[in-house]
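Residue numbers for the sequence shown follow the numbering used here, so the first one is 2 and each next one is one higher.
For every residue, glycine included, the Cβ atom is placed at its ideal position computed from N, Cα and C.
Computed from a predicted model, the values in this text were never measured in an experiment.
These notes are about the structure you will find just below.
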Amino acid sequence: MMRIPRGKRRTTKPDIFISHSSKDSKAASRLALNLNFCGVDVWLDKWELQVGQSLTDELAKAIDESRYVGILITENYNKTVWTKAEYKKAIAREQKEDRIVMLPIIIGEAEIPNFLEDKIHIDLRKSFYTGLAQLSGMVHEISEFRLNRALEDYEPNSVLELWNIFESVGFDPYVVFGEDDYDEILKYGGTEVHHNYAHFSPYEILESKVVSPHVKKLIGEFT
């Protein structure tokens with residue numbers, strides 16, 4: 002597992018910023034959590050923002066510092082003022098850096114916005130875990146040829162099945178935890194291998210009588 006500080010304490014640059022309508026908050030949280038289970042550091046507003054911070058400044062900073070900007074496309078997306086500002090900043094970054102920054106991700110019934118029509122997208126409606134594999138694979142720079150061949154042979158239906166696919170193409174999967182969860186797991190059963198990285202047994206943590214229900218629920222979601 003990998004330790005990630007969040008909020009004001011964040012010192013790492015996120016792998017991906019999730020741009021979404023507030024009406025799609027649950028879907029964004031589900032995707033973000035599963036990306037964490039696949040070793041992807043996600044910047045999600047409800048995980049990072051604190052009372053008193055400047056919303057405009059913090060969002061702009063997160064978009065600038067994240068390697069990618071995931072655009073969650075639903076019928077709500079184009080109706081939200083904030084999301085329009087977010088994708089405009091992402092477009093500006095693509096032009097400036099001359100590389101892919103925006104990752105269109107379809108999670109609901111909606112027409113693809115004009116500015117994304119010519120971009121290849123990930124459709125989570127067809128197969129959530131296949132889309133999760135493709136998205137995580139891009140962040141981790143896993144060979145698309147290898148990953149897609151593996152996905153053709155076997156369609157994953159859980160994070161653990163997805164981990165098996167990652168291992169089959171030469172990638173060693175891991176979980177990203179916020180610092181509080183990481184520190185608790187380390188205290189009650191983890192072994193730190195080097196700074197901010199540790200090994201642990203999920204089943205040992207689940208059986209522990211001193212681990213919090215919060216951490217047990219978190220681990221139970223990917224085991």
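Problem set entry | Nonlocal neighbours in the same chain, by C-beta distance under 8 Å from A28, ignoring five residues either side | H21, L73, T75, I108 and G109
Exercise. Pairing CB atoms from the stretch 169-176 with CB atoms from the stretch 46-62, are three or more of them under 8 Å?
Worked result: no
Problem set entry | Sequence-distant residues of its chain with Cβ nearer than 6 Å to Q96 (five each side left out) | none
Exercise. How is the alpha helix (DSSP H) around F38 delimited, first residue to last?
Worked result: S26 to F38
Problem set entry | Start and end residues, beta strand (DSSP E) containing Y69 | Y69 to I74
For this session: Pull up the distance between the alpha-carbon of L125 and that of N37, whole angstroms please.
Result: 16 Å
For this session: Can you give me the start and stop residues for the beta strand (DSSP E) that G179 sits inside?
Result: V177 to G179
Problem set entry | Residues of its chain near E166, where Cβ-Cβ distance is below 8 Å and the 5 sequence neighbours each way are ignored | Before going further, note that residue 166 is Ile rather than Glu in the sequence given. Here the set comprises A134, L148, A151, L152, Y155 and P157.
For this session: Keeping to the same chain, check which residues put their C-beta closer than 7 Å to that of E193; ignore five residues upstream and five downstream.
Result: For E193, same chain residues with a beta-carbon under 7 Å away, outside a window of 5 residues either side, are L187 and A199 in chain order.
Exercise. Which value, in whole angstroms, describes the spacing of the CA atoms of I19 and H195?
Worked result: 29 Å
Exercise. Does DSSP classify E222 as helix, strand or coil?
Worked result: Reduced to three states, the DSSP call for E222 is coil.
Exercise. Since L56 is in the alpha helix (DSSP H), which residue starts that stretch and which ends it?
Worked result: Judged by DSSP secondary structure, L56 falls within the alpha helix (DSSP H) whose first and last residues are L56 to E66.
Exercise. Which class does T192 belong to by DSSP, given the choice of helix, strand or coil?
Worked result: strand
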